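Asks: For reference, the structure I am asking about is given below.
Residue numbers (my numbering): 138 to 222.
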């Protein structure tokens with residue numbers, strides 16, 4: 138619909154609050170890609186969704202591991218053995 142935005146704006150009424158009637162929208166043809174292209178789009182979006190899910194699961198685990206690592210090295214650096222005399 139963004140390709141027909143100017144034509145849609147031309148149909149809006151100007152009295153009171155500007156709006157477009159649904160009957161006017163019914164006159165616009167919305168191009169639909171062939172099924173092969175639709176399937177490719179779905180495949181790409183599914184891969185993106187899976188990647189997003191993996192990242193959302195992996196980030197908290199990574200943060201937990203870095204906190205544990207930080208605590209380990211903090212203890213190593215701040216724990217001193219008594220000096221022998």
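A virtual CB, placed ideally from N, CA and C, is assigned to each residue, including glycine. All values reported here derive from a predicted model rather than from experimental measurement.
Residue 214 lies in the alpha helix (DSSP H); which residues open and close that run?
Replies: 172-215
Asks: I'd like the list of long-range same chain contacts for residue 148, defined as Cβ closer than 6 Å, with 5 residues on each side in sequence excluded.
Replies: Spatial neighbours of residue 148 in its own chain (CB-CB distance under 6 Å, excluding positions within 5 residues in sequence) are listed in chain order as 157, 161.
Asks: Between the Cα of residue 166 and those of 202, 141, 173, 155, spot the shortest distance and give me the residue it belongs to.
Replies: Per the Cα distances, 141.
Asks: For residue 173, which residues from the same chain have a beta carbon less than 6 Å from its beta carbon, with the 5 sequence-adjacent residues on both sides left out?
Replies: If we look at residue 173 and ignore the five residues flanking it on each side, it has no Cβ neighbours.
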